[in-house]
Amino acid sequence: MGLGREKRHLVASRAARELKTGMIVNLGIGIPTLVADYVPPDIHVVFQAENGILGYGPTPREGEEDPFLCNAGGLPVTLSKEASYFDSTVAFGMIRRGLLDLTILGALQVSEEGDLANWIVPGKRVPGMGGAIELAQKARRVIVATEHLARDGRPKILRACTFPLTTRKSVQLIITDMAVIQVTEQGLVLQEVAKEYEPGDVVQATEARLIIPPHVERF
Amino acid sequence: MNEREKALSKVSTLEEALKYINDGTVLMFGGFGGIGNPPTLVEGILQKGVKNLFLIGNDTGFPRVGIGRLVTAGRVKKIITSHIGSNPVAGEQMHRGELDVEFSPQGTLAERIRAGGMGLGGFLTDVGIGTMVEEGKQKIVSLGKEYLLETALTAEVAIIHADRADTFGNLTYIRSARNFNPLVAMAADITIVEADEIVPLGTLDPEVIVTPGVYVDLVIPSGGVNWKWAWEEKKGT
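Protein chains in written order, with the working numbering: chain A, 1 to 219; chain B, 220 to 456.
1. Return the chain-ordered list of same chain residues with a C-beta closer than 8 Å to the C-beta of Arg209 (chain A), the five sequence neighbours on each side being excluded.
2. How many whole angstroms separate the CB atoms of Gly74 (chain A) and Ser305 (chain B), which I take to be in contact at a CB cut-off of 8 Å?
3. Using the rule of at least 16 other Cβ atoms within 10 Å of the residue's Cβ for burial, across every protein chain shown, is Lys156 (chain A) buried or exposed?
4. DSSP three-state call for Gly287 (chain B): helix, strand or coil?
5. What does a CB cutoff of less than 8 Å around Lys169 (chain B) pick up in its chain, not counting 5 residues either side in sequence?
6. Can you name the residues of chain B whose CB is closer than 9 Å to the CB of Asn118 (chain A)?
7. Thinking Leu227 (chain B) and Phe387 (chain B) are a contact (beta carbons under 8 Å), I'd like their distance in whole angstroms, please.
8. Check the C-beta distance from Gly249 (chain B) over to Val403 (chain B) and give it rounded, since I have them as a contact under 8 Å.
9. Between Gly57 (chain A) and the rest of its own chain, which residues show a CB-CB distance below 6 Å, the 5 nearest in sequence each way excluded?
10. Strictly below 7 Å CB to CB, what residues from chain B border Ile53 (chain A)?
11. Going by DSSP, name the residue or residues bridged to Val144 (chain A).
12. Candidates A:Pro76, A:Gln191, A:Glu147, A:Asp66: which alpha carbon is nearest Leu105 (chain A)'s?
13. Report the CB separation of Leu116 (chain A) from Thr167 (chain A) in whole angstroms; it is logged as a contact under 8 Å.
14. Drop a sphere of 10 angstroms on the beta-carbon of Asn389 (chain B), count the other beta-carbons inside from all chains shown, and report buried for 16 or more, exposed for fewer.
15. Check the Cβ-Cβ distances between Pro324 (chain B) and every residue of chain A, and say whether any is below 7 Å.
16. Beta-carbon within less than 6 Å of Pro60 (chain A)'s beta-carbon, same chain only, minus the 5 sequence neighbours each way: which residues are those?
17. Would you please state the rounded distance, in angstroms, between the beta carbons of Val126 (chain A) and Met313 (chain B)? I believe it to be under 8 Å.
18. With burial defined as no fewer than 16 other Cβ atoms inside 10 Å of the residue's Cβ, what is the status of Met94 (chain A): buried or exposed?
19. Let me know if Ile275 (chain B) comes out buried or exposed under the rule of 16 or more other beta-carbons within 10 Å of its beta-carbon.
20. Let's see if you can read the secondary structure: which residues bound the alpha helix (DSSP H) around Met313 (chain B)?
21. Along the chain, where does the alpha helix (DSSP H) that runs through Phe92 (chain A) open and close?
22. Name, in chain order, the residues that DSSP records as bridge partners for Ile264 (chain B).
23. I need the straight-line Cα distance from Ile143 (chain A) to Ile43 (chain A), nearest angstrom please.
24. Put Thr422 (chain B) into one of helix, strand or coil per three-state DSSP.
25. Please classify Ile359 (chain B): is it buried, with 16 or more other beta-carbons within 10 angstroms of its beta-carbon, or exposed?
26. So what does DSSP say about Asn26 (chain A), is it helix, strand or coil?
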């Protein structure tokens, strides 16, 4: 990953503020996985994982990891009281049936219209889609949590994606180490800017057009 | 064991199980990110020197974890899977043209395996419509909505990790190590299970059995996980 630990955790903690009590939530691999460790104490959500868990909690303390209790990224988690286990067809049955209120996913590219590309870097890297297509296509709300810039310094937020798409018009909110950007009918709206940046910095690091409202919050 | 128990027993050995896994075998595996991959069978396949395997399963694990070890050792020629991102060796082999990778969205892959295990030809889904996933697939309109026809997957041999198996091959799994295991168990001509515990008939409550023994051909004891998990190696970073 191109970002330092601190920035990744900043993105995850900001993304965690989008959680609302009662939500069924799936977290993608990478920065999104960290969100489970930042759930505000007064918010009660149920995390779902593609490998067949409904109801997992934060990362266990060191020494208390259970190798047979991991999230879809292969990292140890803890179990919540409401938990159940099932096979992966049931996990995806829930997803396709529209039972997920929210998914938070990583991205290689996101477009002005909310198109998402996150499984192929043409000619370079093909990690595969995993469950991202089902999640982005079927969850009620799709948030991207990612580095603002790609590893090579190129913008990830573009007028149109150049990489093969995961889904079209599915992303509703983009949270990065620089900004929180809402995808609207009118285009991308800059909602919040990280403390160390100015709106102008975000515009410069974004290829897509940004609508900048009179008041932009800080995070 | 009484006579009936002996007659129904599928308990076997690693050596016997490996007779079914040879160069070019179409091999399905259970597991997800290494968790639920059968460690003793993977080690046995490595030791036997089997090559040109055609794998079907969720992902290629990590380079030194689970099924990923077969990929790293260059024993795999083709794989139908949903994700290779956690195993950079798989990516390198793919780019060099040594490993043929066919991607299926994860839920679609799981359902294709289930369809194979359930004796179906395939199923309809709208997942991936409008993306590369639809390329080469037949589109079918059902009840006024457009779907892709996704075909069923079966294999010659399936390798499974179970928590408990009775001697007839009734299986229970452990926590998130269930994942693809009960699906893969139904979809192959020969299903080989390695179990952490093998118990006498009548020990497992029929209410909690996940995979009925009819799907299982051989049960062997597991030697347990013989790799370090990726999160153990990454500790402190």
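Just so it is clear, CB atoms sit at the ideal spot from N, CA and C, and this is done for glycine as well.
Here's the rundown:
1. Numbered from 1 along the first sequence, position 209 holds the residue referred to as residue 209 (chain A). The beta carbon of Arg209 (chain A) sits closer than 8 Å to those of Glu112, Arg159, Gly187, Leu188, all from its chain and outside the five residues before and after it, given in chain order.
2. Taking the first residue of the first sequence as position 1, residue 74 (chain A) is located at position 74. Taking the first residue of the second sequence as position 1, residue 305 (chain B) is located at position 86. Contact check for Gly74 (chain A) and Ser305 (chain B): beta-carbon distance about 7 Å, within the 8 Å limit, so the pair qualifies.
3. By one-based count along the first sequence, residue 156 (chain A) stands at place 156. Burial is judged here by how many other beta carbons sit within 10 angstroms of a residue's own beta carbon; Lys156 (chain A) has at least 16 and is buried.
4. For the purposes of this step, residue 287 (chain B) is taken as residue 68 along the second sequence, with counting starting at 1. Of the three classes helix, strand and coil, the one that applies to Gly287 (chain B) here is helix, per DSSP.
5. Not covered by the structure: residue 169 (chain B). The range shown for chain B is 220 to 456.
6. Here residue 118 (chain A) corresponds to residue number 118 of the first sequence, with the count starting at 1. Simply none; closest approach about 10 Å.
7. Numbered from 1 along the second sequence, position 8 holds the residue referred to as residue 227 (chain B). Numbered from 1 along the second sequence, position 168 holds the residue referred to as residue 387 (chain B). Contact between Leu227 (chain B) and Phe387 (chain B) holds: their C-beta atoms lie close to 5 Å from each other, under 8 Å.
8. If you number the second sequence from 1, residue 249 (chain B) lands on position 30. If you number the second sequence from 1, residue 403 (chain B) lands on position 184. Yes, they are in contact, since the Cβ atoms of Gly249 (chain B) and Val403 (chain B) sit about 5 Å apart, within 8 Å.
9. By one-based count along the first sequence, residue 57 (chain A) stands at place 57. The answer, listed in chain order, is Thr78, Ser80.
10. Here residue 53 (chain A) refers to the residue found at position 53 when the first sequence is read from its first residue. What Ile53 (chain A) touches in chain B: Ser395.
11. Within the first sequence, residue 144 (chain A) is the residue found at index 144, counting from 1. Partner(s): A:Leu105, A:Ile174.
12. Numbered from its first residue, the first sequence carries residue 105 (chain A) at position 105. Nearest to Leu105 (chain A) by C-alpha distance, out of A:Pro76, A:Gln191, A:Glu147, A:Asp66, is A:Glu147.
13. As a working note, residue 116 (chain A) is residue 116 in the first sequence. As a working note, residue 167 (chain A) is residue 167 in the first sequence. For Leu116 (chain A) against Thr167 (chain A), the beta-carbon gap comes to about 5 Å, under 8 Å, which counts as contact.
14. In the second sequence, counting from the first residue as 1, residue 389 (chain B) sits at position 170. In this structure Asn389 (chain B) is buried. Its beta-carbon is surrounded by 16 or more other beta-carbon atoms within 10 angstroms.
15. As a first step, residue 324 (chain B) is located in the second sequence; it is residue number 105 there, counting from the start. So, interface residue.
16. Reading the first sequence from its first residue, position 60 is the one you call residue 60 (chain A). Exclusion of the five residues before and after Pro60 (chain A) leaves Pro76, Thr78 as the residues of its chain whose Cβ lies within less than 6 Å of its Cβ.
17. Residue mapping note: residue 126 (chain A) aligns to position 126 of the first sequence, counting from 1. Residue mapping note: residue 313 (chain B) aligns to position 94 of the second sequence, counting from 1. Val126 (chain A) to Met313 (chain B), Cβ: 7 Å. Contact.
18. Here residue 94 (chain A) refers to the residue found at position 94 when the first sequence is read from its first residue. Only buried fits Met94 (chain A), as 16 or more other CB atoms lie within 10 angstroms of its CB.
19. In the second sequence, the residue the question calls residue 275 (chain B) occupies position 56. With 16 or more Cβ atoms within 10 Å of its Cβ, Ile275 (chain B) is classed as buried.
20. Along the second sequence, one-based indexing puts residue 313 (chain B) at 94. Taken as a continuous stretch (DSSP letters only), the alpha helix (DSSP H) holding Met313 (chain B) covers 307-314.
21. For the purposes of this step, residue 92 (chain A) is taken as residue 92 along the first sequence, with counting starting at 1. Taken as a continuous stretch (DSSP letters only), the alpha helix (DSSP H) holding Phe92 (chain A) covers 88-96.
22. The sequence position of residue 264 (chain B) within the second sequence is 45, counting from 1. Its beta-bridge partners do not exist; DSSP assigns none.
23. Sequence index remark: in the first sequence, residue 143 (chain A) carries index 143 (1-based). Sequence index remark: in the first sequence, residue 43 (chain A) carries index 43 (1-based). Rounded to whole angstroms, the separation of the alpha carbons of Ile43 (chain A) and Ile143 (chain A) is 18 Å.
24. Numbered from 1 along the second sequence, position 203 holds the residue referred to as residue 422 (chain B). Thr422 (chain B) sits in coil when the DSSP states are folded into three classes, being neither helix nor strand.
25. If you number the second sequence from 1, residue 359 (chain B) lands on position 140. It counts as exposed.
26. The residue you call residue 26 (chain A) lines up with position 26 of the first sequence. Look at Asn26 (chain A) here: in three-state DSSP terms it is strand.
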